[in-house]
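Numbering (our numbering), first residue to last: 50 to 204. We treat Cβ as the ideally placed atom computed from N, Cα and C, and that holds for glycine. Keep in mind the model is a prediction, meaning the values are calculated, not measured.
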Amino acid sequence: PAVCLAIRINTFLSCSQYHKMYRTVKAVTGRQIFQPLHALRTAEKALLPGYHPFEWKPPLKNVSTNTEVGIIDGLSGLPLSIDDYPVDTIAKRFRYDAALVCALKDMEEEILEGMKAKNLDDYLSGPFTVVVKESCDGMGDVSEKHGSGPAVPEK
């Protein structure tokens, strides 16, 4: 499904266009070469930020505890002028904390391998607490980067 999702995204096919292609190829060849659309949607959920549950301890003030935030319209909350963006601009962004969790999940195998290499096998079964410290990561004020929504305190 991930390969078919990449094909759909890289060729700029909408979901309905992909589904039409899927049906046509299956009817012509008699084989299911592409994955059905529902399989792509499942893969998409697993690959996008907002799919992995997590919690802030202590909870952050003015930040929703809902972690299923997914894609945010990248232009929402910004003053829009015809001169600012081309008509066909599509901007998507993710809540910072949800994107961070997704990145950690993507690196999970490498993190566990690193723990094994350091002889930390006793800790491999978790649970894990991730502490995000202040650093020179270039992110600046996260609430400013988001443009809208609740302010997220500095890391």
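- With a cutoff of 8 Å on beta-carbon distance, residue 57 and residue 67 are scored as near each other.
- Within the same chain, and ignoring the five residues on either side of residue 82 in sequence, the residues whose Cβ sits closer than 6 Å to its Cβ are 74.
- The C-alpha of residue 101 is placed about 8 Å away from the C-alpha of residue 154.
- The DSSP-derived three-state label of residue 66 is helix.
- When 179, 72 and 170 are compared, the shortest CA-CA separation from residue 151 is found for 179.
- Look at residue 175 here: in three-state DSSP terms it is coil, with no helix or strand label.
- In the three-state reduction of the DSSP assignment, residue 112 falls in the coil class.
- Going by C-alpha positions, residue 162 is about 10 Å away from residue 168.
- Exclusion of the five residues before and after residue 165 leaves 173 as the residues of its chain whose Cβ lies within less than 8 Å of its Cβ.
- In the DSSP annotation of this structure, the continuous segment of the alpha helix (DSSP H) that includes residue 164 starts and ends at 157 to 166.
- In this structure, DSSP gives residue 72 a helical state, which the three-state scheme calls helix.
- Boundaries of the alpha helix (DSSP H) around residue 52: 51 to 59.
- DSSP places residue 149 in the helix class (H, G or I) of the three-state scheme.
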